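Here's the structure, in structure tokens; my notes come after.
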Amino acid sequence: MFFGTYTPKLDDKGRLFLPAKFREDLAEGLVVTRGQERCLTVWSMEDFGRLTDRLREAPVTNKGTRDYVRMLFAAASQEVPDKQGRIGIPAVLREYASLSKDVMVIGAMNRIEIWDPTSWQEYSEEQEQKFSDLSDEVFPGI
């Protein structure tokens, strides 16, 4: 499970140092691709496989399915962290998420998200009240 917020930096070659707490779970490989709200999503190979299996079951006759699959897989990059815990972030993905040197890495349960710090700050501030309001919806009766 991934949780927490970290502020690593991209190096000059577009490589990201994964937070040390995440490295063991991703040591065998991962997939980084587009996420929603202009962030990047990092999946373990196992979880990306589960996602892929679910998408295989979705009807390709549905335009929404086709659109989603195209956007998810077209920019996806399979990576294996090097001995220092770095992964490459392809230019197309860095551009999509407006990433430069400074980034925010957040744990989001079964995935990691990589954000431009300004975008994360704006998103986070926008979601504060919704987070409070959603607790009754997500966990009714608690």
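Just so it is clear: in the sequence shown, position 141 is 141 by the UniProt record's numbering, and no numbers are missing.
Where a beta carbon is used, it is the ideal one built from N, C-alpha and C, also for glycine.
Just so it is clear, the structure is predicted and the values come from calculations on it, not from any experiment.
Exercise. Please state if the CB of arginine 38 and the CB of aspartate 97 are separated by a distance shorter than 9 Å.
Key: Residue 97 is actually alanine in this sequence, not aspartate. Cβ distance < 9 Å, so alanine 97 and arginine 38 count as in contact.
Quiz item: From glutamate 24 to tyrosine 123, what distance separates their C-alpha atoms?
Solution: 29 Å
Exercise. In angstroms with no decimal places, state the Cα-to-Cα distance between glutamate 28 and leucine 51.
Key: 17 Å
Self-check item: Coarse secondary structure for threonine 61, derived from DSSP in three states
Solution: coil
Exercise. Specify whether the stretch 4 to 13 and the stretch 99 to 117 touch according to this definition: at least 3 beta carbon pairs, one from each stretch, less than 8 Å apart.
Key: yes
Self-check item: Inter-stretch contact (C-beta, 8 Å, three-pair minimum) for the stretch 66 to 81 and the stretch 30 to 46
Solution: yes
Quiz item: Where does residue 147 sit, in a helix, a strand or coil, going by DSSP?
Solution: An answer regarding residue 147 cannot be provided, because it is not within the stretch 1 to 142 covered by the chain.
Quiz item: Thinking C-alpha only, which one of Leu40, Ser44, Val69, Ser132 is nearest residue 144?
Solution: Because the chain in this structure spans residues 1 to 142, residue 144 falls outside the shown range and cannot be described.
Quiz item: Given that a residue counts as buried once 16 or more other Cβ atoms are within 10 Å of its Cβ, and exposed if not, what is aspartate 116?
Solution: buried
Self-check item: Among Ser100, Glu125, Glu126, nearest to isoleucine 114 - alpha-carbon criterion
Solution: Ser100
Practice problem: State the beta-bridge partners of tryptophan 43 as determined by DSSP. | Solution: Val31
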